[in-house]
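A short write-up of the structure that comes next.
Numbering (the UniProt record's numbering), first residue to last: 1 to 55.
In structure tokens form, the structure reads like this:
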């Protein structure tokens, strides 16, 4: 299982993963996920901040 920071534009794996995860999280897959995080993190953070203000 992985966790992701909510305030940075980088993908961060906070826990080591085993052989099965390595089969899925290939270098290409991690690169793709990193691109998604970079693209969507600013919008996600704005939405989260707006939700906090609304609550």
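Even glycine gets a Cβ: it sits at the ideal position worked out from N, Cα and C.
The model shown is predicted, which means the values in this text are computed figures rather than measured ones.
- The distance from the Cβ of residue 11 to that of residue 25 is about 10 Å, inconsistent with a contact at the 8 Å cut-off.
- For residue 38, the uninterrupted alpha helix (DSSP H) segment begins and ends at 27-54.
- Bounds of the alpha helix (DSSP H) holding residue 21 are 19-24.
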